[in-house]
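To start, the structure itself, in structure tokens.
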């Protein structure tokens, strides 16, 4: 940490010892705004120093910051005690990387929010709660406007819940949004994903399924990939979200032997007007910027969509780390025989699609004054 | 060879030392009708015994028959000499597994045919020659009717050329054909393939591209996948083929770290009437039979389409070898949000999709009296 | 089953639904002597038909025999009831593929033996029980002589326990034994293994550890690899085994991204006299035969040690299936700068090293009159 | 480049478009002392801008610096013209990453040296030239003392040749050297390597050999692994090197499906006195420093040997990038049943073992005043 740590906002991690939790810890090592000072996890880790709780279970190449090593891990389920510790540490909000059942996660996140703690979550539990925004910072930053309504309705003062969508849709939401902004909304999409094993956590996918093999199924993933975009493209109606009706999406989700990086092959039909050429589309993507770029958030990729002209890109190992692993890399834009266009899009699932996306959401919420 | 070899039809292999040639040699080890007695390859192998020509280059687990070991390999390009050797050996026809340029292959296959030798080819060179049938034995056996016209037009007496289609389309042509036969032709298809590295031969795809990676591109493969079905579903018009107009296909072809077995994710829109239920479709597939099954050809899978009810099948390593690696294995039939149905289909690319498919075509041509 | 099943000896499998149990079921499909008629497993599977107990969990390409599908699975822990069912089925002995704790396995195998049921085990529990033989059928068939002593000492009439050693040592025990028989015992060995993931069962090794990675550690494996050979090369002393003192072994065991097939790199120092040449050693290996070959047991490889002259063999994917996956394949015999010789040896870990080795042991015990 | 580029020493790369050349370009992006201003490669690339010469062939995740993109690539074989361009660019020395035959490389490197250009080479061509030092900067920095003798003998004024050893030995040379310095030289070593595919360049190892497989052979690698350490541990005798006699090494080299990172399993016998405990050895390794650390070279790892206490480390994917991929990571130090100790060591083969090691050698030579 090159900067004086006292300038930074102290934050906590729920589920700090799991794979997404480790990503948060690692990515926040040198964050200019935030600093991890609180960690909660399962009873197995509770009462241990963070370094001891993850000994032999740390999955990442990059390690944790020295000051994180000695954080005493709380039991995430022992809410009152954990919230006490959180507040004693002067923390401001938590990133939730909980890996419990949906009902447990929902309840726990609500308890933290009710205690005045903003919860920025990676978990899927609250994605379909109708007053909880599902944020991609470049795509729907205005969905944060629901937060005052959410707080009021639930009687929460400072706490609230905001979530990020599933990692499988990250690669194609931004290019589609860029086209929407340029006046070319999509009518129908057929999307085929080839998803990395890190998406399933650790131990996750057995190696017996991933050597000389692929698995054409990921439980629940197709439904999420088809429905979540409609909420993200939706609007606030009263104090809840109303889904968009388009695009209609059909998703085929597959697991492939790749460590990090979800690849999507997309065939797209425009709803109305069509771009005049492939070059126009590439220009739209190259020019695409959102609030994270305009306000220069620390985790914002300079160029959210990178187009590569080579025949055989993007490829997960070669392109996933583009711009701090926060950019989407696209290639192979060409005419579709059946719809209008087709292309291949890639996004780093455990950075942009998980902890990095969560941090960017926190930067957005900080910028908007909610933290 | 349990059987007296003198009962069998002696056959030759062009390109006998390459990867597809090896597959032919290996699969014909115990064939009840055919026996390899002639092998031609590149000048490098010419003049050597087969066992010496493949020493250190044999790629398969299963080895070649003892009598093949001592076949003296001819230079495939030294056509007159090779044809002499072929005829001295009393051979009846050749399987072509040539790996030359398209023009060289075309010319060479025509020279053999002109010399009175039927050529059953795996090469793509003649797939778009308008009087050459592209055969999948269950799907379009009636396309062999072009052969007398081809011979007459070209002034060939006994020789002719028949080819098989690209390996990438094998997995979905039979299920689609089954639906056509049941009165449910397809209007549009979006197909996404995840193809095995053996499809690129040896050395083929570098390991640096296939460890922790996939490559979303295979040169020329999408065009073949989109056009070849139209010839196969087409009809004889005068003495040439006329393509079908449907289905319109958009293909996304990817290379994945799998040894053998191409997997396809298919979204399908029916042209007219639709099946009443998923159960009806499964029944259509289960009941699907073609001439190979009716006439009980040696290489015919008993059941050409095997449907698996598990959520996560077919998988290449577990399903590619179904019924001698000649069956198509399908799973995950479900409604498509955008079209009518979607499903996953798998076929062994170097057996059903290459040498095994060629042998089945030879069995068809023998049955029809052309060999 | 081509043969009338009533001619065959009915046998049972303990742990029938696990990965090794599945291998037993699959390998015994067409066994000329034995036929599976009894299956016991964990309470989760108990009371189900075998086909239902393994639905969605069957790991192998080859499936189970039709008559096995309907076997009602017993609870292996409900010993009295299981033994009743076993005896009602007229079964003769059990293969044990139990995957419980060591103490549970030990106790359970003893209960079956005490009930008069011979137990031929894959489990490691009884490998260091001093009156239990650890058998490699070619290497120490005479160790079956302990069985009468074991029965007498323990007061068992028909039942007894015989086990097979760890899969990691299969590849080098036979070549070393061949040298011992030829008068060239080994003094010291440094062995380095690269072991397949199937050795860890399912789910076993996480894919996150086996993509772009190897793991230089397998818990307990080095100790087993160093000690078990000494019992196998040992002798019966009174009514217990006395270990051999040589060879002294140092093992480095690694997990690599291979489905099946353990590879070992061996440096060997002879204890006394040395072979005159590499050619002499190759001849010793080529000529090596044991009782399984002499008596022509169904699962015996015709040639237990196959030597390949290529520079770069053996390789797991290409060589593991040699001779029904029961042969050891060796290559790269050359001088060692430090000891006398070095070579690479390969054995199929779930066939020769597990169920196939167990079946060969049963054939040995049947031949010797113990079943 | 944060720094004014005019402060830096301009350098050239021979073989700049190959895989090692790309590594040099990439690693030198932000080097505080050196800046790439000259690139030579094969005729195919000559006359093109660097960015065009590597278009579609760039293998690395990290890209090249903007100013490198426009360097005009020279034909490395057109020596006079290339040397002219080199000198016009005011360059000081070249890194040689040539991928030609041994004889061509030898001749070409000598031509550059004769023209007054120091050549710091990755190629193996001159490793056994008796007046050329083979440098590992921490281990034998004093071997640079041969350079004045080399120049004088050959009549070169400013030019000279210095090389680095094979990537396979990097992981164990430093731990062994640390023990030598502490008074515990090794007598005998049996080393088993599991080497990454990047060591074979691109296209390099076919994926058909690296999916569900390992290859127990790398041409020439075992000989290099056994002999090069003796030169490195040797001494200057007159104006040539005299090899050390110890340690005697026996190497087993294997190719495994890993992108980067060579792992070695080592069994070691001490020549004389032995360390009193494993703890003493770990302390020796932890305390090990060389000239690169003492003089704080930019590419020097802070701690050249990192010991990990976990049972199952080092692992290539998790440990290869330790300290800029320049540190050796060791684990599993334990007693050897046959020799004295055994351990596992890991080094990044294309950074520490190739371009990174070359850059560290250049830093050493700069520090010593030879550049």
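Chains as they are written, first to last, in the working numbering: chain A, 10 to 380; chain B, 10 to 380; chain C, 10 to 380; chain D, 10 to 380.
Glycine included, every Cβ here is placed at the ideal spot set by N, Cα and C.
Since the model is a prediction, treat every value here as computed from it, not as a measurement.
* To do: Select from A:310, A:347, A:318 and A:316 the residue whose C-alpha is nearest the C-alpha of residue 335 of chain A.
  => Translated into positions along the first chain, residue 335 of chain A becomes position 326. Comparing Cα-Cα distances from residue 335 of chain A to each of A:310, A:347, A:318 and A:316, the minimum goes to A:310.
* Segment contact flag, the stretch 97-117 of chain C with the stretch 199-209 of chain C, C-beta cutoff 8 Å, min 3 pairs -> The stretch 97-117 of chain C and the stretch 199-209 of chain C do not touch, with fewer than 3 CB-CB distances between them shorter than 8 Å.
* Span separating the alpha-carbon of residue 63 of chain A from that of residue 227 of chain D -> Counted from its first residue, the first chain places residue 63 of chain A at position 54. Counted from its first residue, the fourth chain places residue 227 of chain D at position 218. In this structure, the alpha-carbon of residue 63 of chain A lies about 38 Å from that of residue 227 of chain D.
* Asked: Near residue 68 of chain D, what residues of its chain come up, given a Cβ to Cβ distance below 7 Å and the 5 sequence neighbours on each side ignored?
  -> Position 59 of the fourth chain, counted from the start, is the residue given in the question as residue 68 of chain D. Within the same chain, residue 68 of chain D has close Cβ partners 28, 31 and 211.
* Reference residue 275 of chain A, options B:260, B:272, B:269 and B:265, closest by Cα -> Residue 275 of chain A sits at position 266 when you count from the first residue of the first chain. Check the Cα spacing between residue 275 of chain A and each of B:260, B:272, B:269 and B:265: the tightest is with B:260.
* Using the rule of at least 16 other Cβ atoms within 10 Å of the residue's Cβ for burial, across every protein chain shown, is residue 70 of chain B buried or exposed? -> Within the second chain, numbered from 1, the residue matching residue 70 of chain B stands at position 61. Result: exposed.
* To do: In angstroms with no decimal places, state the Cα-to-Cα distance between residue 267 of chain C and residue 218 of chain D.
  => Residue mapping note: residue 267 of chain C aligns to position 258 of the third chain, counting from 1. Residue mapping note: residue 218 of chain D aligns to position 209 of the fourth chain, counting from 1. Counting only the Cα atoms, residue 218 of chain D lies some 11 Å from residue 267 of chain C.
* Does the distance from the CB of residue 20 of chain D to the CB of residue 100 of chain D come in under 8 Å? -> Here the question's residue 20 of chain D lines up with position 11 in the fourth chain. Here the question's residue 100 of chain D lines up with position 91 in the fourth chain. Going by C-beta atoms, residue 20 of chain D is nearer than 8 Å to residue 100 of chain D.
* Asked: Which residues of chain B have a Cβ atom closer than 7 Å to the Cβ of residue 346 of chain A, listed in chain order?
  -> As a working note, residue 346 of chain A is residue 337 in the first chain. Result: 235, 257, 258 and 259.
* **Inter-residue Cα distance where the pair is residue 152 of chain B and residue 331 of chain B** => Numbered from its first residue, the second chain carries residue 152 of chain B at position 143. Numbered from its first residue, the second chain carries residue 331 of chain B at position 322. Straight-line measurement puts the Cα of residue 331 of chain B at about 27 Å from the Cα of residue 152 of chain B.
* Asked: Could you give the distance in angstroms between the alpha-carbon of residue 357 of chain D and the alpha-carbon of residue 269 of chain D?
  -> Your numbering for residue 357 of chain D matches position 348 in the fourth chain. Your numbering for residue 269 of chain D matches position 260 in the fourth chain. Computed Cα separation, rounded: 6 Å.
* Out of B:97, B:40 and B:35, point me to the one whose CA is closest to residue 78 of chain B's CA. => Counting from one through the second chain, the residue named residue 78 of chain B turns up at place 69. The option with the nearest alpha carbon to residue 78 of chain B is B:35.
* **Environment of residue 235 of chain C [buried if 16+ CB atoms lie within 10 Å]** => Here residue 235 of chain C refers to the residue found at position 226 of the third chain. Taking all protein chains in view, the Cβ of residue 235 of chain C is crowded by 16 or more other Cβ atoms within 10 Å, so the residue is classified as buried.
* Asked: When burial is assigned at 16 or more other CB atoms within 10 Å of the CB, is residue 182 of chain B buried or exposed?
  -> Sequence index remark: in the second chain, residue 182 of chain B carries index 173 (1-based). Around the CB of residue 182 of chain B, 16 or more other CB atoms lie within 10 Å, so the residue is classed as buried.
* **Nearest residue (CA-CA) to residue 194 of chain C, options C:284, C:292 and C:370** => To locate residue 194 of chain C, count along the third chain from 1; it is residue 185. Closest by alpha carbon: C:284.
* To do: Have a look at residue 186 of chain B and residue 272 of chain A and give me their C-alpha separation to the nearest angstrom.
  => For the purposes of this step, residue 186 of chain B is identified with residue 177 of the second chain, where counting begins at 1. For the purposes of this step, residue 272 of chain A is identified with residue 263 of the first chain, where counting begins at 1. Taking the straight line from one Cα to the other gives about 31 Å.
* Asked: Should residue 217 of chain B be flagged as near chain D, meaning a C-beta pair shorter than 8 Å?
  -> Locating residue 217 of chain B in the second chain gives position 208, where the first residue counts as 1. Look at residue 217 of chain B: its C-beta is under 8 Å from a C-beta on chain D.
* Mind checking residue 370 of chain A: buried by the 16 CB within 10 Å criterion, or exposed? -> To locate residue 370 of chain A, count along the first chain from 1; it is residue 361. Buried, since its Cβ has 16 or more Cβ neighbours within 10 Å.
* Taking the alpha carbon of residue 333 of chain B as the point to measure from, which residue in B:241, B:243, B:113 and B:312 has its own alpha carbon closest? -> Counted from its first residue, the second chain places residue 333 of chain B at position 324. Measuring from the Cα of residue 333 of chain B, the nearest candidate turns out to be B:312.
* To do: Could you pull out every residue in the same chain whose Cβ sits closer than 6 Å to the Cβ of residue 114 of chain B, ignoring the five residues on either side in sequence?
  => The residue labelled residue 114 of chain B in the question sits at position 105 within the second chain. Here the set comprises 107, 132 and 134.
* Since residue 351 of chain A meets chain B, which of its residues come closer than 8 Å, beta carbon to beta carbon? -> On the first chain, residue 351 of chain A is found 342 positions in, with the first residue counted as 1. Neighbours of residue 351 of chain A on chain B, chain order: 259 and 261.
* Alpha-carbon spacing of residue 232 of chain C relative to residue 144 of chain C, whole angstroms -> To locate residue 232 of chain C, count along the third chain from 1; it is residue 223. To locate residue 144 of chain C, count along the third chain from 1; it is residue 135. Using only the alpha carbons, I get a separation of about 18 Å.
* Between the beta-carbon of residue 379 of chain C and the beta-carbon of residue 169 of chain C, is there less than 8 Å? -> Counting from 1 along the third chain, the entry for residue 379 of chain C is found at position 370. Counting from 1 along the third chain, the entry for residue 169 of chain C is found at position 160. Yes; because the gap between Cβ atoms is below 8 Å, this pair is in contact.
* **Cβ contact (3+ pairs, closer than 8 Å) linking the stretch 339-350 of chain D and the stretch 313-324 of chain D** => Yes, since at least three Cβ pairs between the stretch 339-350 of chain D and the stretch 313-324 of chain D fall closer than 8 Å, the two stretches touch.
* To do: Take every Cβ of the stretch 46-59 of chain B, pair it with every Cβ of the stretch 79-87 of chain B, and state whether three or more of those distances are shorter than 8 Å.
  => Flag = yes, the stretch 46-59 of chain B and the stretch 79-87 of chain B touch.
* Start and end of the beta strand (DSSP E) containing residue 261 of chain C? -> Taking the first residue of the third chain as 1, we reach residue 261 of chain C at position 252. Per DSSP, the unbroken beta strand (DSSP E) holding residue 261 of chain C starts and ends at 257-264.
* To do: Using alpha carbons as the reference points, say which of C:355, C:248 and C:350 lies closest to residue 326 of chain C.
  => Locating residue 326 of chain C in the third chain gives position 317, where the first residue counts as 1. Of the candidates C:355, C:248 and C:350, the one whose C-alpha sits nearest the C-alpha of residue 326 of chain C is C:355.
* Asked: How far does the alpha helix (DSSP H) with residue 37 of chain C in it reach, from first residue to last?
  -> Within the third chain, the letter at position 28 stands for residue 37 of chain C. Membership of residue 37 of chain C in any alpha helix (DSSP H) is not indicated, and neither H nor E is assigned to it by DSSP.
* **Residues bridged to residue 43 of chain A (per DSSP)** => Against the first chain, residue 43 of chain A aligns to sequence position 34. For residue 43 of chain A, the beta-bridge partners assigned by DSSP are A:18.
* Going straight from the alpha carbon of residue 298 of chain C to that of residue 147 of chain C, what length do you get? -> Residue 298 of chain C sits at position 289 when you count from the first residue of the third chain. Residue 147 of chain C sits at position 138 when you count from the first residue of the third chain. Straight-line spacing of the CA atoms in residue 298 of chain C and residue 147 of chain C works out to 7 Å.
* When every heavy atom of the ligand NAP is checked, does at least one fall within less than 7 Å of the C-beta of residue 93 of chain B? -> Annotation note on the ligand NAP: not contained in the displayed structure, which lists no ligands.
* List the residues of chain C that residue 274 of chain D touches, going by C-beta distances under 8 Å, in chain order. => As a first step, residue 274 of chain D must be located in the fourth chain, where it is residue number 265. Ordered by position in chain C, the residues that pass the 8 Å Cβ test against residue 274 of chain D are 201, 225, 261 and 263.
* **residue 13 of chain A at chain B interface by Cβ criterion, 8 Å** => For the purposes of this step, residue 13 of chain A is taken as residue 4 along the first chain, with counting starting at 1. Summary for residue 13 of chain A: the model assigns pLDDT 44, below 50, so the residue's position carries little reliability; its value from the coordinates is reported in the next sentence. No, because no Cβ of chain B sits closer than 8 Å to the Cβ of residue 13 of chain A.
* **residue 118 of chain A, DSSP secondary structure in three states** => Walking along the first chain from the start, residue 118 of chain A turns up at place 109. DSSP, read as helix, strand or coil, puts residue 118 of chain A in helix.
* Name the residue from A:92, A:46 and A:351 whose alpha carbon lies nearest to the alpha carbon of residue 120 of chain A. => On the first chain, position 111 is the one that residue 120 of chain A refers to. The residue among A:92, A:46 and A:351 with its C-alpha nearest the C-alpha of residue 120 of chain A is A:92.
* **Chain-order list of residues whose beta-carbon lies under 6 Å from that of residue 51 of chain C (same chain, five-residue window excluded)** => Here residue 51 of chain C refers to the residue found at position 42 when the third chain is read from its first residue. Within the same chain, residue 51 of chain C has no close Cβ partners at all.
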